[in-house]
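Here's the structure, in structure tokens; my notes come after.
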Amino acid sequence: MNPVITAATAADIAELRQLYYAVYGPHYPVALGTDPAEMALLMADPHSLWLVARCAATGALAASAAIHGEAGSRIARLEGIAVHPEHRSAGLAATLTEALCAEMLDTGRLDSVYATVRTVGSGPQRVVARNGFRPLGILPNAVDLRSRESLALYARHSPGVLDRRVPVTEVPAVLLPLLRTAGEALGIGYPQVRAAAGPLPAPAPRGAVEQLEMIEAPAFVRRRFRERFPGAEGWFYPLHTPNVLLTPEDGRFEVYAYLNRAGGYCSLLTAHPDPAAAAAHLEPVTRALARAGAGYVEALVPLAHQEALSAFLAQGFVAGALYPAMRADGDGFHDYAVLSRSSERIDFRGVAVEPPLQPYLDCYASAWASAHLPTPSEVAP
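In terms of the UniProt record's numbering, the sequence shown is residues 1 to 381.
This is how it looks when you write it as structure tokens:
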């Protein structure tokens, strides 16, 4: 098949919605394929690019994919890859992915592009791998489609970006295997990194936060967020805007998060007056979000912020992925760890894992066991 590839326009929206329904059914939790207004906004966004492939003979819409960026950021997300069932095995996903990266990444407009890839089959992993994306880790139970699914995190960097990473000297000991795994997968090193001394911090005692109010008023939350954080200092979570706010009755801290009820997941973005204010109270925060339908809660933490990493690890979060050179800062780039916690049972038996991703799965399983299974000394005789 010799497809005709063009930029998506508003005239394509109706066909695109039919395409995503044919591929994902009624459970696709992303506005890109379901919400006409959001789809039109992405098509018109100068920081993003949406391409479609049509059959040259019939003009029928055969495939779609987009790179979603945002103002002020040099990182973007590859998303919405969909190939109509009648046109699979024709290489359309790879063709669209390469066309997108050629325009958005290879031209120097972006420093990196990442993708969260389904693991119900190995095909999506092969598609991104053939187009220069390399595995960064596993996100267990990350989304609820027809059932709970784990995703794989992949990324492709512009030439030279990985060579300009800001060095990190120490991290919590449990993260060292993840650093070694990422180093081998990406051909980068962490030779000077050592295990931080001392135990993880103790969580706040139960009852220290009696009740958390969760405010689900997206416009209000966005306004308050902009008031609290008028600049980019103190927060970084690309392509996520908070839509919920959690706070105790006395208001001594505020946690900002993005909650996707359709997908059953949540991203913790930041806290006011600073992340440390809420660090000891992640347990009630996570419970409140679980009651709201978030079976998966995720946080993106700078690898250099040992205190924040330790706080999340102390309250049951597990690092499943590492994103090197994720955020530009002056002439260098900072690495970030992706930590998550699931309130639902994690089951990897149905996961299809390509060989480059397998070391990350093994690393996560070991880290999860260390965090959640009792040691021999803790087991009663």
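Even for Gly, the Cβ is constructed at its ideal location relative to N, Cα and C.
Look up residue i in the DSSP assignment and say whether it is helix, strand or coil.
i	result
V379	In this predicted model, V379 has a pLDDT of only 47, less than 50, meaning its place in the structure is not dependable enough to derive any value.
E354	coil
A299	strand
W50	strand
P324	strand
L110	coil
R223	helix
A155	strand
G116	Reading the sequence as shown, one finds Thr at residue 116 and not Gly. T116 falls in the strand class under three-state DSSP.
E170	strand
V127	helix
S310	helix
S343	coil
V318	strand
V83	strand
A197	coil
I13	helix
Considering only their Cβ atoms, is the gap separating residue j from residue i smaller than 9 Å?
i	j	result
H84	A60	yes
V127	T107	no
L78	V120	no
G137	Y296	no
L246	L289	yes
G293	G264	yes
L175	L300	no
T6	L42	no
A40	I81	no
E283	G316	yes
A271	Y256	yes
L49	V338	no
V168	A71	no
N141	I346	yes
L153	T181	no
A62	L92	yes
L313	A369	no
N243	L268	no
P359	E184	yes
For residue i and residue j, I'd like the C-alpha separation in whole angstroms.
i	j	result
D163	R341	31 Å
V379	A53	Because the pLDDT at V379 is just 47, under 50, the model does not fix this residue reliably, and the value given afterwards should be weighed accordingly. Distance between the alpha carbons of V379 and A53 is about 58 Å.
A11	G69	22 Å
E249	A278	14 Å
P135	P356	7 Å
G25	H87	17 Å
T34	A173	43 Å
T286	A197	27 Å
R224	F236	16 Å
L32	I188	34 Å
V166	D329	9 Å
R109	N2	28 Å
D335	A56	43 Å
A262	P177	33 Å
R17	P36	8 Å
V353	Q306	30 Å
L105	G160	12 Å
H281	V23	40 Å
A8	F333	32 Å
I75	T58	36 Å
P273	P201	20 Å
T95	V193	39 Å
Checking the sheet assignment: what are the DSSP bridge partners for residue i?
i	result
D144	R148
D329	G332
I67	L49, L78
M214	L246
N2	Its beta-bridge partners do not exist; DSSP assigns none.
I138	A152
Y20	Note: Y20 sits in no beta bridge, so no partner.
C266	L259, V297
H272	E254
L61	R54
R165	F333
V338	L300, A321
A7	L51
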